[in-house]
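Note that numbering that gives the first Met the number 0 numbers the sequence shown so that position 57 is 56, with each residue one more than the last.
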Amino acid sequence: MTALELEQVWKFYGDFPALRGISLRLDPGACLALLGRNGAGKSTLLRILAGLSRAGRGQVRVLGTDPRERQARARIGVLGHGLSLYEELSALENLTLFAKLYNLAEPARRARQWLERIGMASAGEGLVREFSRGMRQRLAIARAFLHEPDLLLLDEPFTALDDRAVAVLQELLAEARREGRTVVLSTHQLREALEPASHVALLVRGRLAYAGERRREMLEDAGWLYRTYGEGT
Numbered sequence: 000m001t002a003l004e005l006e007q008v009w010k011f012y013g014d015f016p017a018l019r020g021i022s023l024r025l026d027p028g029a030c031l032a033l034l035g036r037n038g039a040g041k042s043t044l045l046r047i048l049a050g051l052s053r054a055g056r057g058q059v060r061v062l063g064t065d066p067r068e069r070q071a072r073a074r075i076g077v078l079g080h081g082l083s084l085y086e087e088l089s090a091l092e093n094l095t096l097f098a099k100l101y102n103l104a105e106p107a108r109r110a111r112q113w114l115e116r117i118g119m120a121s122a123g124e125g126l127v128r129e130f131s132r133g134m135r136q137r138l139a140i141a142r143a144f145l146h147e148p149d150l151l152l153l154d155e156p157f158t159a160l161d162d163r164a165v166a167v168l169q170e171l172l173a174e175a176r177r178e179g180r181t182v183v184l185s186t187h188q189l190r191e192a193l194e195p196a197s198h199v200a201l202l203v204r205g206r207l208a209y210a211g212e213r214r215r216e217m218l219e220d221a222g223w224l225y226r227t228y229g230e231g232t
């Protein structure tokens, strides 16, 4: 079974095609760096994969089923631009609440474990509304990984993270892949995205300009992909 499969997927906002005939397939255990400039369609594609938006045309299968099905969404971890945190709750209360929603055993213990993993154990009782942007980002990352999803969809996960937090996230991504889970991450930070990636997809004005395995040239020169495939597409 493939982790995700898109066949000729289009998405329209009014008459404007935000996605144009996207076909893509990813096997379990892969890590896809989804790249593209602002407005290329990255966030739109992630929302469709997460079951939060419906494709205008084409077929979408995630973990063998429609991503809008309840059983599929329970196996997906999502980090979007809106961090989906409750600002009037503490960090511990946020993660405990989500652990309960996912029917995890010992939700408070699971929440504390993840606060420790992201380096926020001492801030567990702090209210989210008092946190810096970087602390909120770390907490949202913990929420996405909390239930050990089979598919992780991460939109700009490196935003506002310091070097230590970036290193923690990279280790979480590597661990997820070792466990056979699949990752799709979208970011403008090319080096951070390409380091853990096994595959790369480049969107240019809603079209797939490149899709394939990560290549040596991409690691040696982060701008190579855009110069080679991003112009005139």
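Beta carbons are placed, not taken as given, at the ideal position from N, Cα and C, and that holds for glycine.
*asked:* Can you check which of these residues, 3, 133, 88, 29, is closest to residue 64 by C-alpha distance?
replied: 3
*Inter-residue spacing [alpha-carbon to alpha-carbon] between residue 199 and residue 210*: Spanning the two alpha carbons is a distance of roughly 6 Å.
*By how many angstroms is the C-alpha of residue 144 removed from the C-alpha of residue 152?*
Residue 152 and residue 144: Cα-Cα distance of roughly 10 Å.
*residue 58, buried or exposed, once every other Cβ within 10 Å from all chains shown has been counted against 16*: exposed
*Per DSSP, residue 75 is paired with what?*
150
*Uninterrupted alpha helix (DSSP H) stretches inside the region 163-229 (no shorter than 4 residues)*: If we require 4 residues or more, the alpha helix (DSSP H) runs fully inside the region 163-229 come out as 189-193, 215-219, 223-228.
_Segment contact flag, the region 116-124 with the region 65-84, C-beta cutoff 8 Å, min 3 pairs_ = No, they do not touch.
*Can you have a look at residue 46 and say buried or exposed, based on whether 16 or more other CB atoms are within 10 angstroms of its CB?*
buried
*Any idea what DSSP makes of residue 116, helix, strand or coil?*
helix
*Which two residues bound the contiguous alpha helix (DSSP H) that contains residue 92?*
90-100
*May I ask which residues mark the beginning and end of the alpha helix (DSSP H) holding residue 133?*
132-144
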